[in-house]
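Undergrad: Structure incoming, see below.
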Amino acid sequence: MIGFLIRRIGQAIIVLFLVTVFTLALVHLFPGGPVRALLGERATPFEINYFNHLYGFDQPFYVQYIKWVDQLLHGNLGFSYHLNQSVASLIGQALPKTIVLVLLGTIVSLIFGIPLGVYQAVHRNTVGDYVLTGVSFLGYATPTFFLGIVLVSWFSVDVHLFPPFAPQSSSVISILGQPRALVLPVVTYAFLLYALWSRYMRSSVLDNLVQDYVRTARAKGASERRVIWGHVFRNSLVSIVTLLGLSLPTLVAGAILIEVVFNYPGMGLAFYQAALNVDYQVLLGFTVLATVATILGNLLADVGYALLDPRVRY
Amino acid sequence: MTDVTILSGDATGIGLGEAAKPRGMARRAWEVFAENKLALGSIGFVIFMLLFCFVGPYIYNTNQTSTDLSLYLCHPSGAHLLGCDDLGYDELGRLMVGGQTSIEVGIAAAVVSVLFGTLYGAISGFAGGIVDAVMMRVVDAGLSLPSLMVLIIASVIFHPTKTVIIFVIAFFYWFGVARLVRGETLSLRTREYVQAVRVIGGRPLRSVVRHIVPNAIGTIIVQGTFAVADSILILAVLGFLTLGVAPPATDWGSMLSGGLTYIQGGNYWWLIYPPGVAIILTCISINFIGDALRDAFETRLQRR
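So the protein lines, in turn, are chains A and B. In terms of my numbering, the first sequence opens at residue 381 and continues consecutively. In terms of my numbering, the second sequence opens at residue 1254 and continues consecutively.
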């Protein structure tokens, strides 16, 4: 286990190195370099040279990389010249709101996705299974933003049931204080994820149903309810835990789109606006943060899997 | 059953052997596939969509290159079956032109990423050892990238033309294909017929191209099918974020983005539902086809 952990963390560090090099290199691909992006179209060559020198963009790539990583390790994620605030403080404002959205959406989708996935597996090839399969295929094929648009046009334009925009506030508490405004973003987000969990849960339960322990449980006279919920369900959950850790990129992507559709003031919206303004420090900082979260998620998923399932040996 | 598998493997070894190998396998796969009525219907729909987008404009002639503000948001009528958008483009005609972009990009991005991912994964898995470890860390890094964020950055950097978008999408998609094909390769490279190539002095590349890839073709085709649907969705997302192809060209996502502006102002349903439903139905059909193909190639599920 210890050996596995060390090897796995070593891999994560290598991956982190590759990704940060790639991300920094990407910023250098901006037309005319990052300084041109910062100063705009009308910057003179003199100004560009001056700022290139000021920010160290005239130095070799590896020097820039080392300096950048050094700053990152000291907690300095950069400074947004468009917003006139540090990227860290921007994250401090936006991240809690995104976490609220992601957590609520994930919880709602799990509440529906897991039991319905189990139901589908137990009642496979029945009408109920086909209908729910159709729903999850719809979930896979529907662009998140289209679902958001449709829900807004139904529930806030046609019927004035929910506001079309997400709660606008600088504090998380007042956002949670407007639950009606949170309904549409959370529902849209949950539907996107529902397809993922229910499909996975269905196949995971199907795999478990043919295992020997199920036959043993039935043979000793356990009720069907006990077989499903006491044995199969608990074993199938192990793979969902893994999936949760691996699905961080999906969660991030979903959050960006939902925030843009509903104008929800979180990380995704801030990132999108930074992209349109070519505010490269924000882009760099946010991307690195999301990448680190993804790598940690993968790591936790692997470790969690090994801890939860004693049959897994490394 | 088993001797059939070995035979088909041998036939691939002798040459591409079109006549000897695929017929039996392909026919059996087709039998399984054809039983799936949903998949057959989906193929029908995809063919319809292709005709609609690529032949449709010749039948339903509309001006899709210059704006006409006198037709601003005109309602559906005899002259404009699905009305017009805010620049006076005929919406039905736009749906065809946008569909061309979406489908072309979807297919091209899928082909590029599957070709590259397959080769990369097969080489990595076949080489093994340190080469495999290094090549797979690159894939791990690619899969750890928050793809939508980097796609957004890439679309801001590169002026988005159709070709650029194809390669940008493919760049982020091939990692997954590579990992899948590598897994398949790991199990294939220990088979006797692959070992035999090494024994008789065949070069590694020959094993990869002639033996590993043809035997993993089922997985690759299925993955390629899903890749088309995924790429159409990714393009739709980019279009929605106004990072898609530049006007007057359009795609289904860009059309939706334009429609969003008018959602509050009145009942302009024709700006939203046609492109949205087109994306959903096209992607769902492609996914159904992919699912049926997986069943067809899955020898475990085959009777006898």
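Glycine included, C-beta positions come from ideal geometry on N, C-alpha and C.
Curious, which full-length alpha helix (DSSP H) runs of at least 4 residues does the segment 1450-1527 of chain B contain?
TA: 1470-1493, 1505-1513
Undergrad: For residue 1508 of chain B and residue 1528 of chain B, what's the separation of their Cα atoms in angstroms?
TA: Rounded to whole angstroms, residue 1508 of chain B to residue 1528 of chain B spans 7 Å at the Cα level.
Undergrad: For residue 563 of chain A, I'd like the list of residues in its chain whose CB is within less than 6 Å of its CB, leaving aside the five on either flank, ordered along the chain.
TA: 542
Undergrad: Could you check whether residue 566 of chain A and residue 589 of chain A sit closer than 8 Å to each other, using their CB atoms as the reference points?
TA: No.
Undergrad: Please name the residues in the segment 1377-1404 of chain B whose beta-carbon is closer than 7 Å to at least one beta-carbon of chain A, in chain order.
TA: 1390, 1391, 1393, 1394, 1397, 1398, 1399, 1400, 1401, 1402, 1403
Undergrad: Among residues of its own chain, excluding the 5 on either side of residue 1460 of chain B, which ones have a beta-carbon nearer than 8 Å to its beta-carbon?
TA: 1379, 1442, 1447, 1450, 1451
Undergrad: From residue 1274 of chain B to residue 1288 of chain B, what does the alpha carbon distance come to, in whole angstroms?
TA: A caution first: residue 1274 of chain B carries a pLDDT of 49, below 50, which makes its placement in the model too unreliable to give a value.
Undergrad: Could you tell me the distance, in whole angstroms, from the CA atom of residue 604 of chain A to the CA atom of residue 1280 of chain B?
TA: 41 Å
Undergrad: Which residues in the same chain have their Cβ closer than 8 Å to the Cβ of residue 1283 of chain B, if we skip the five residues on either side of it in sequence?
TA: 1549
Undergrad: With a threshold of 8 Å, are at least 3 pairs of Cβ atoms found where one atom belongs to the segment 608-625 of chain A and the other to the segment 452-471 of chain A?
TA: no
Undergrad: Residues of chain A with a CB under 9 Å from the CB of residue 1289 of chain B: which are they?
TA: Under the 9 Å cutoff, chain A gives no residues; its nearest Cβ is about 13 Å from residue 1289 of chain B.
Undergrad: With 16 as the cutoff for other CB atoms within 10 Å, does residue 1493 of chain B come out buried or exposed?
TA: buried
Undergrad: So, for residue 1367 of chain B: in the same chain, excluding its five sequence neighbours on each side, which residues have a beta-carbon less than 7 Å away from its beta-carbon?
TA: Contacts found: 1430, 1473, 1476, 1477, 1480.
Undergrad: Go ahead and pull the three-state DSSP assignment for residue 653 of chain A.
TA: Three-state result, residue 653 of chain A: helix.
Undergrad: Looking only at its own chain, which residues have a Cβ that is under 7 Å from the Cβ of residue 1471 of chain B, when we skip the five neighbours before and after it?
TA: 1550
Undergrad: Counting only runs that start and end within the segment 431-469 of chain A, where is the alpha helix (DSSP H) found for 4 or more residues in a row?
TA: 441-453
Undergrad: Could you check the C-alpha separation between residue 1410 of chain B and residue 1329 of chain B for me, to the nearest Å?
TA: 38 Å
Undergrad: Mark residue 505 of chain A as exposed unless 16 or more other C-beta atoms lie within 10 angstroms of its C-beta, in which case mark it buried.
TA: exposed
Undergrad: Using a cut-off of 8 Å between C-beta atoms, extract the partners of residue 680 of chain A located in chain B.
TA: Within chain B, no residue comes near residue 680 of chain A; the closest Cβ sits about 13 Å away, beyond 8 Å.
Undergrad: Distance, Cα to Cα, residue 528 of chain A vs residue 1530 of chain B?
TA: 14 Å
Undergrad: Between residue 1502 of chain B and the rest of its own chain, which residues show a CB-CB distance below 8 Å, the 5 nearest in sequence each way excluded?
TA: 1350, 1354, 1415
Undergrad: So, is residue 1525 of chain B buried or exposed, given that buried needs 16 or more other C-beta atoms within 10 angstroms?
TA: buried
Undergrad: Please report how far the alpha carbon of residue 513 of chain A lies from the alpha carbon of residue 492 of chain A, in whole angstroms.
TA: In this structure, the straight-line span from the alpha carbon of residue 513 of chain A to that of residue 492 of chain A is close to 14 Å.
Undergrad: Using C-beta distances below 7 Å, list every residue in its chain close to residue 581 of chain A, excluding the 5 sequence neighbours before and after it, in chain order.
TA: 493, 494, 497, 498, 616, 620
Undergrad: For residue 1533 of chain B versus residue 630 of chain A, is the C-beta spacing smaller than 8 Å?
TA: Not closer than 8 Å, so no.
Undergrad: State yes or no: is the beta carbon of residue 671 of chain A nearer than 8 Å to at least one beta carbon in chain B?
TA: Residue contact with chain B for residue 671 of chain A: present (Cβ-Cβ distance below 8 Å to some residue of chain B).
Undergrad: Give me the Cβ distance between residue 1498 of chain B and residue 1418 of chain B, rounded to the nearest whole Å; I'm assuming they're in contact under 8 Å.
TA: 7 Å
Undergrad: Just the C-alpha distance for residue 667 of chain A and residue 1420 of chain B, rounded to the nearest angstrom, thanks.
TA: 21 Å
Undergrad: Which of the three DSSP states, helix, strand or coil, is assigned to residue 382 of chain A?
TA: helix
Undergrad: So what does DSSP say about residue 659 of chain A, is it helix, strand or coil?
TA: coil
Undergrad: How would you label residue 1445 of chain B, buried or exposed, when you count the other beta carbons within 10 angstroms and need 16 or more for buried?
TA: exposed
Undergrad: Could you list which residues in chain B have their beta carbon closer than 7 Å to that of residue 520 of chain A, in chain order?
TA: 1540
Undergrad: How far does the alpha helix (DSSP H) with residue 1360 of chain B in it reach, from first residue to last?
TA: 1344-1380
Undergrad: Could you spell out where the alpha helix (DSSP H) holding residue 627 of chain A opens and where it closes?
TA: First-last for residue 627 of chain A: undefined, no H or E at that position.
Undergrad: Just to confirm, is the Cβ distance from residue 398 of chain A to residue 1391 of chain B under 8 Å?
TA: Contact: yes.
Undergrad: Please name the residue in A:400, A:596, A:638 whose C-alpha comes closest to that of residue 451 of chain A.
TA: A:400
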